[in-house]
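> Numbering of the sequence shown is given in the numbering used here, commencing with residue 1 and proceeding in unit increments. By construction, the Cβ of each residue, glycine as well, lies at the ideal position given by its N, Cα and C atoms. Bear in mind the structure is a predicted one, so any value in this text is a computation, not a measurement.
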Amino acid sequence: MLLVMTTVSNEDVGKAFAEKIVEARLATCVQVMPRMTSVYVWDGAIQKDDEHLLLIKTLEEKYDELEKFIRENHSYEIPEIVAVRSERAADGYLEWMTKYLR
1 MLLVMTTVSN EDVGKAFAEK IVEARLATCV QVMPRMTSVY VWDGAIQKDD
51 EHLLLIKTLE EKYDELEKFI RENHSYEIPE IVAVRSERAA DGYLEWMTKY
101 LR
């Protein structure tokens, strides 16, 4: 199982993006996290923006397709796309994920 993270500009965008990802069967669940402040470097200057984090739960075999989908549909020029492998997950949860995504 992978946990994939990306950020979006606001909650409405996040909810719509999350729904598209799940409808496309690229993830079983996408959580739209509350507003946070991101501090980052862009064009040589430090920037500060309010964003929402999407926590996307998927299988390793879906990653390439998910990354492509995010890149093609995201409003940011270079969207954050970071994946972390889960070391463990409940059997029932993994079975549910596998059944939905395959």
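1) For T98, list the residues DSSP reports as bridge partners.
2) Tell me where the alpha helix (DSSP H) around E68 begins and ends.
3) Counting along the chain, where does the alpha helix (DSSP H) carrying I21 start and finish?
4) Measure the C-alpha to C-alpha separation of T37 and M5 and round it to an integer number of angstroms.
5) Pull up the DSSP beta-bridge partners for E51, would you.
6) Provide the residue span of the beta strand (DSSP E) that contains T28, from first to last.
7) Figure out for me which residue from D43, D12, E60 has the closest Cα to the Cα of V82.
8) Excluding the 5 residues preceding and the 5 following E11 in the sequence, name in chain order all residues of the same chain whose CB lies nearer than 6 Å to its CB.
9) At which residues does the beta strand (DSSP E) containing M5 begin and terminate?
On the basis of the data shown:
1) Its beta-bridge partners do not exist; DSSP assigns none.
2) The sequence shown places Lys at residue 68, not Glu. Per DSSP, the unbroken alpha helix (DSSP H) holding K68 starts and ends at 63-73.
3) Going by DSSP, I21 is part of the alpha helix (DSSP H) stretching over 11-23.
4) Spanning the two alpha carbons is a distance of roughly 15 Å.
5) Looking at the DSSP assignment, E51 forms a beta bridge with M36.
6) From DSSP, T28 is part of no beta strand (DSSP E); its letter is neither H nor E.
7) It is E60.
8) Only H52 meet the Cβ criterion.
9) It spans 2-8 - the beta strand (DSSP E) in which M5 sits, taken as one unbroken run.
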